[in-house]
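Beneath this line is the structure, given in structure tokens, with notes to follow.
2 protein chains.
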Amino acid sequence: MARNVEFDESLAIQKAMEVFWKKGYNATSLRDLTDAMQINSSSLYNTIGDKQELFVRCVQHYTDIRKQDWEKRLAGKRSPLSILVDYIHEAVNVIINGESSCMAVKTAFEVATNDERVKQILVADDQRAYNFLHDLIKNAMEEGEIRDDEDPALLADYFNSTWTGWYESFILHQDPVKIKRMAEYFIKQLTK
Amino acid sequence: MARNVEFDESLAIQKAMEVFWKKGYNATSLRDLTDAMQINSSSLYNTIGDKQELFVRCVQHYTDIRKQDWEKRLAGKRSPLSILVDYIHEAVNVIINGESSCMAVKTAFEVATNDERVKQILVADDQRAYNFLHDLIKNAMEEGEIRDDEDPALLADYFNSTWTGWYESFILHQDPVKIKRMAEYFIKQLTK
DNA sequence: ATTATTCTGAAACAAATGTTTCAGAATTGG
DNA sequence: CCAATTCTGAAACATTTGTTTCAGAATAAT
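As they're listed, the protein sequences go chains L and S. For the first sequence, the positions run 1 to 192 when the UniProt record's numbering is used. For the second sequence, the positions run 1 to 192 when the UniProt record's numbering is used.
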């Protein structure tokens, strides 16, 4: 027998995520957040919690979206190699068109070393990325789409860590061609 | 006709760098810095300047050290490939034994997007890293130490961006074997 | 030794930080 | 409509932030 929460919580999380994503955890103030979320700090503390808790929810939300993307790609029922190549091209597009790098990467370097909860969310996310790549590589090998003289586990680890450096490169040089050429070399390694 | 600065400025920069390196720019307070540097904030502002200026000096110092390391390695007069392989092994050691990741990488993601001066220091540093790799790869090709069917410029870019992901991987998994295996695969690609 | 200049320490500064308080508006179920 | 409960807005909170002030200690050159 009382009123309900007035604001849309998942929309508010989305807005907060965008601010954290762009500015990073420490450079984002509570005012930045409540402005973007369009709620009062009392509502924030009553429902979600403090800044740390909100950040955890945002990182979780970010990784949830990625998880859905991977699932959708696998459900496509296309050949393993074409899913893989599609994914790489899309990753390149995100890097060269996105305006604030990858939140998971930024968070790994800024926060994960000091916050165990955040780290565990990123570890789980990384594990899903690994599984996505590993399964595609393994299946592509079994179907003869790519050479099979390397361990799929090694290749999955290796490729999974490769994108991170492309983000850094693009922050420094803003050179799309550089990224595209690296991606082409990357694909060539797999297939030839 | 007056007294001189009492503290050792380059030692103070070194101490400040260690704090920034570990905690990042935004999570480091002026108190953290003056405590580590063992000077009063008035001395800091009289000599070096404000927090931003101090950070710039620290990043510059960090990249200066790297520059010296590259020069020393090239002066070694050993074969290009052995210099390269040595360097990769040393990079792995730094990743798996260092206790706070790479300051250049962390700074690229946390600060370089918002601070043009810091970004330019990192761009110059990245260019030196690129040159180091490019020259070694090119020379190794000319001396027949490695295959020469790829563009040295592409390989230098590609390899230069690869380490960054290894740092991220180690933050999340703290698994030295993972890093070592990726490094071995990395070297194998070059030589085989 | 004197003097002119510069450095240092401690305190003070305003502004910004993350968080809490609470009166009153709102809305639910009865 | 009532009453009980919960939400919201604005203000206030104590800390912490980056930075400045300034009196006095220190020292270089004369």
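Backbone N, C-alpha and C define an ideal beta-carbon position, used for all residues, glycine too.
Please report whether the beta-carbon of residue i lies at a distance below 8 Å from any beta-carbon of chain S.
{"i": "D126 of chain L", "result": "yes"}
{"i": "G98 of chain L", "result": "no"}
{"i": "S101 of chain L", "result": "yes"}
{"i": "E110 of chain L", "result": "yes"}
{"i": "V105 of chain L", "result": "yes"}
Could you give the distance in angstroms between the alpha-carbon of residue i and the alpha-carbon of residue j?
{"i": "E110 of chain S", "j": "G24 of chain L", "result": "7 Å"}
{"i": "P152 of chain L", "j": "N160 of chain L", "result": "12 Å"}
{"i": "W163 of chain S", "j": "S43 of chain L", "result": "43 Å"}
{"i": "G144 of chain L", "j": "M182 of chain L", "result": "24 Å"}
{"i": "D157 of chain S", "j": "R3 of chain L", "result": "58 Å"}
{"i": "D8 of chain S", "j": "G98 of chain S", "result": "26 Å"}
{"i": "M17 of chain L", "j": "F55 of chain L", "result": "8 Å"}
{"i": "E6 of chain L", "j": "A108 of chain S", "result": "39 Å"}
{"i": "E142 of chain S", "j": "K77 of chain S", "result": "16 Å"}
{"i": "Q52 of chain S", "j": "I65 of chain S", "result": "20 Å"}
{"i": "D86 of chain L", "j": "S79 of chain L", "result": "11 Å"}
{"i": "K15 of chain L", "j": "D50 of chain L", "result": "16 Å"}
{"i": "W21 of chain L", "j": "E116 of chain S", "result": "19 Å"}
{"i": "L33 of chain S", "j": "I39 of chain S", "result": "9 Å"}
{"i": "T63 of chain L", "j": "A124 of chain L", "result": "9 Å"}
{"i": "Y185 of chain L", "j": "E90 of chain S", "result": "25 Å"}
{"i": "D126 of chain S", "j": "K67 of chain S", "result": "10 Å"}
{"i": "S10 of chain L", "j": "A36 of chain L", "result": "13 Å"}
{"i": "Y130 of chain S", "j": "V19 of chain L", "result": "33 Å"}
{"i": "L104 of chain L", "j": "A104 of chain S", "result": "At residue 104 of chain L the sequence reads Ala, which differs from the Leu that was named. Using only the alpha carbons, I get a separation of about 18 Å."}
{"i": "Q189 of chain S", "j": "Q189 of chain L", "result": "9 Å"}
{"i": "S41 of chain S", "j": "T47 of chain L", "result": "41 Å"}
Is there a C-beta anywhere in chain L that falls below 8 Å from the one on residue i?
{"i": "N26 of chain S", "result": "yes"}
{"i": "L122 of chain S", "result": "yes"}
{"i": "residue 194 of chain S", "result": "For chain S, the structure presents residues 1 to 192; residue 194 of chain S sits outside this window and is missing."}
{"i": "S42 of chain S", "result": "no"}
{"i": "E168 of chain S", "result": "yes"}
Restricting to Cα atoms, I'd like to know which of the options is closest to residue i.
{"i": "I146 of chain L", "options": "L:E6, L:R181, L:R31, L:L81", "result": "L:L81"}
{"i": "Q120 of chain L", "options": "S:K67, S:T113, S:Q174, S:V105", "result": "S:Q174"}
{"i": "V94 of chain L", "options": "L:A108, L:P176, L:R31, L:E116", "result": "L:P176"}
{"i": "K137 of chain L", "options": "L:V105, L:K72, L:R31, L:I187", "result": "What sits at residue 137 of chain L in the sequence shown is Ile, not Lys. For I137 of chain L, the nearest C-alpha among the options comes from L:I187."}
{"i": "N139 of chain S", "options": "S:L84, S:T34, S:K192, S:A124", "result": "S:L84"}
{"i": "D149 of chain L", "options": "L:R117, L:T191, L:C102, L:N46", "result": "L:T191"}
{"i": "A27 of chain L", "options": "L:S10, L:R73, L:K106, L:Q68", "result": "L:K106"}
{"i": "E168 of chain S", "options": "L:L133, L:Q189, L:C102", "result": "L:C102"}
{"i": "H61 of chain L", "options": "L:H134, L:A12, L:E116", "result": "L:A12"}
{"i": "T113 of chain L", "options": "S:L33, S:V118, S:S100, S:Y130", "result": "S:S100"}
{"i": "K72 of chain S", "options": "S:Y185, S:F132, S:E184, S:K178", "result": "S:F132"}
{"i": "I179 of chain S", "options": "S:A104, S:V118, S:V92", "result": "S:V92"}
{"i": "D135 of chain L", "options": "L:A75, L:D35, L:M37", "result": "L:A75"}
{"i": "Y45 of chain L", "options": "L:D126, L:L30, L:Q68", "result": "L:L30"}
{"i": "C58 of chain S", "options": "S:Q68, S:V118, S:D35", "result": "S:V118"}
Can you tell me the Cβ-Cβ gap for residue i and residue j, rounded? I've got them flagged as a contact below 8 Å.
{"i": "L172 of chain S", "j": "L122 of chain L", "result": "6 Å"}
{"i": "I96 of chain S", "j": "F170 of chain S", "result": "6 Å"}
{"i": "R128 of chain S", "j": "W70 of chain S", "result": "6 Å"}
Could you name the residues of chain L that residue i contacts, counting a contact when the two beta carbons are closer than 7 Å?
{"i": "T162 of chain S", "result": "T162, G165"}
Which chain S residues are close to residue i, counting only those with a beta carbon under 9 Å from its beta carbon?
{"i": "Y158 of chain L", "result": "T162, G165, R181, M182, Y185, F186"}
Give the interface partners of residue i over in chain L, defined as CB-CB distance under 8 Å, in chain order.
{"i": "E90 of chain S", "result": "Within 8 Å Cβ-Cβ: nothing; E90 of chain S doesn't reach chain L, min ~18 Å."}
{"i": "T113 of chain S", "result": "S100, S101, I171"}
Output, in chain order, the set of chain L residues within a Cβ distance shorter than 9 Å of residue i.
{"i": "V56 of chain S", "result": "The contacting residues do not exist; V56 of chain S stays about 16 Å from chain L at best."}
{"i": "K119 of chain S", "result": "I171, L172"}
How would you list, in chain order, the residues of chain S whose beta-carbon sits under 8 Å from the beta-carbon of residue i?
{"i": "K178 of chain L", "result": "D157"}
{"i": "V59 of chain L", "result": "Neighbours of V59 of chain L on chain S: none; closest Cβ ~13 Å, over 8 Å."}
Which bits of chain S does residue i rub up against, with CB to CB less than 7 Å?
{"i": "L154 of chain L", "result": "R181, Y185"}
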